[in-house]
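Visitor: Take the sequence shown: its letter number 114 is residue 114 in this note's numbering, and every next letter is one higher. Sharing a structure below in structure tokens format, with a few things to ask.
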Amino acid sequence: MTVEVLDDHDAVTARVALEVSRAVAAGPLTLGLPTGRTPVALYGRLAAAGLDWSRVRTFNLDEFTSLAPGAPGSFRAFMDRHLFTRVNLRPEAIGFLRGDTADHAAECARYDAALEMAGGLDLLLLGLGANGHVGFNEPGPTLTAASHVVRLHEDTRRANADGFGGDWRRVPAAALTLGMRQILGARRVVLLATGASKAEAVAAMADGPLTTACPASWLQVVRDCLVVVDRAAAARLGTGAV
Ligand code: GLP
């Protein structure tokens, strides 16, 4: 794991945009994508860059249960708004977990098989939960390799309240997420985290032991993993505070 500390959110965005732009330009590319506040500026920058996305396939990390694709608050609506409708990505090249299916297990199996058929992820962009989650792989006694349904922690629902009028109780209590196998199996991972609220998770991820209490700590086993953080998120690195 290589950690780069840059001045601020803008610098982190510019750095990661460069990485993604290079990969998109080099295509063909199977790209894993996160949602959240952190990558919004990144997607804006990528959309404005005029890149050719015709040889890119995408797989998003996660989706809330019970929401139809494109429903307000859904991650699919978020991605449509910030990236998908703004670049020439082929609609059939967009992979997404469907949260509104009756059989979540079958939907997760379908998604894992589709990603497997695509050859796995060449590049996976990740955000970081303040509690150390990646995708929606939440801290707990165990982690899960395959895509699966997860009950969301209350703090995670609170962190996602923006898409639901600011009311965390309206955030679905469960989600589907890519599991640790596809995340750790990505040929390259680039994680971005900014702001003081991520400082503890960044330190646990990069300096701490591998533990299910911090799912992101397992990224230490990924051969090619670049972590790009701003100074605020890096504040507890190297302090021995883990
Ligand atoms: C969300 C998403 C994650 C994301 C994280 C951080 O719950 N499921 O994929 O990386 O939380 O979000 P933010 O960037 O808003 O801090």
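A virtual CB, placed ideally from N, CA and C, is assigned to each residue, including glycine.
Indicate the three-state DSSP secondary structure (helix, strand or coil) for threonine 13 in the structure shown.
Guide: Threonine 13 falls in the helix class under three-state DSSP.
Visitor: Are glycine 163 and phenylalanine 78 closer than 8 Å when you measure CB to CB?
Guide: Contact: yes.
Visitor: Which residue spans inside the region 149–202 form an unbroken alpha helix (DSSP H) run of at least 4?
Guide: Runs of the alpha helix (DSSP H) inside the region 149–202: 154–159 and 180–184.
Visitor: Hey, how far is the Cα of histidine 9 from the Cα of valine 3?
Guide: Whole-angstrom Cα-Cα distance: 15 Å.
Visitor: If you reduce the DSSP assignment to three classes, tell me which class arginine 96 lands in.
Guide: Rather than arginine, the amino acid found at residue 96 in this sequence is phenylalanine. Correct three-state label for phenylalanine 96: coil.
Visitor: Between glycine 95 and the rest of its own chain, which residues show a CB-CB distance below 8 Å, the 5 nearest in sequence each way excluded?
Guide: Same-chain partners within the cutoff: Arg57, Thr58, Phe59, Asn60, Tyr111, Ala114, Leu115 and Ala118.
Visitor: If we ignore side chains and look at the alpha-carbon of each, how far apart do alanine 204 and arginine 86 end up?
Guide: Distance between the alpha carbons of alanine 204 and arginine 86: 36 Å.
Visitor: Could you tell me whether any non-hydrogen atom of ligand 3 is closer than 7 Å to the CB of proline 141?
Guide: Within the structure as shown, ligand 3 is missing, the only ligands being ligand 1.
Visitor: Give the secondary structure of glutamate 107 by DSSP, where H, G and I count as helix, E and B as strand, and everything else as coil.
Guide: Helix at glutamate 107.
Visitor: Does the contact criterion of 3 or more C-beta pairs under 8 Å hold for the region 138–147 versus the region 26–37?
Guide: Flag = no, the region 138–147 and the region 26–37 do not touch.
Visitor: First and last residue of the beta strand (DSSP E) that includes valine 229?
Guide: Counting along the chain, the beta strand (DSSP E) containing valine 229 begins and ends at 225–230.
Visitor: Let me check you understand the geometry: is the CB of glycine 95 closer than 7 Å to at least one non-hydrogen atom of ligand 1?
Guide: Not so, every heavy atom of ligand 1 lies at least 7 Å from the Cβ.
Visitor: When we look at the beta-carbon of asparagine 160 and count the other beta-carbons within 10 Å, is it buried (16 or more) or exposed?
Guide: Asparagine 160 is buried by the Cβ-count criterion.
Visitor: Could you work out which residue in Val20, Val40, Pro34 and Gly73 is closest to glycine 165 when comparing CA atoms only?
Guide: Of the candidates Val20, Val40, Pro34 and Gly73, the one whose C-alpha sits nearest the C-alpha of glycine 165 is Gly73.
Visitor: Quick check: arginine 247 and alanine 174, are their CB atoms within less than 8 Å of each other?
Guide: Since the first residue shown for the chain is 1 and the last is 242, residue 247 is missing from the structure and cannot be characterised.
Visitor: Should glycine 70 be labelled buried (16 or more other beta-carbon atoms within 10 Å of its own) or exposed?
Guide: Exposed, by the Cβ-count rule.
Visitor: Is any heavy atom in ligand 1 found nearer than 7 Å to the beta carbon of aspartate 155?
Guide: It does not: the Cβ of aspartate 155 is nowhere closer than 7 Å to a heavy atom of ligand 1.
Visitor: Which residues in the same chain have their Cβ closer than 7 Å to the Cβ of tryptophan 218, if we skip the five residues on either side of it in sequence?
Guide: Answer for tryptophan 218: Met180, Leu184 and Leu210, listed in chain order.
Visitor: Measuring CB atoms only, is the region 228–240 touching the region 191–208, in the sense that at least three cross pairs come out at less than 8 Å?
Guide: Taking 8 Å as the limit for Cβ pairs, the verdict is that the region 191–208 does touch the region 228–240.
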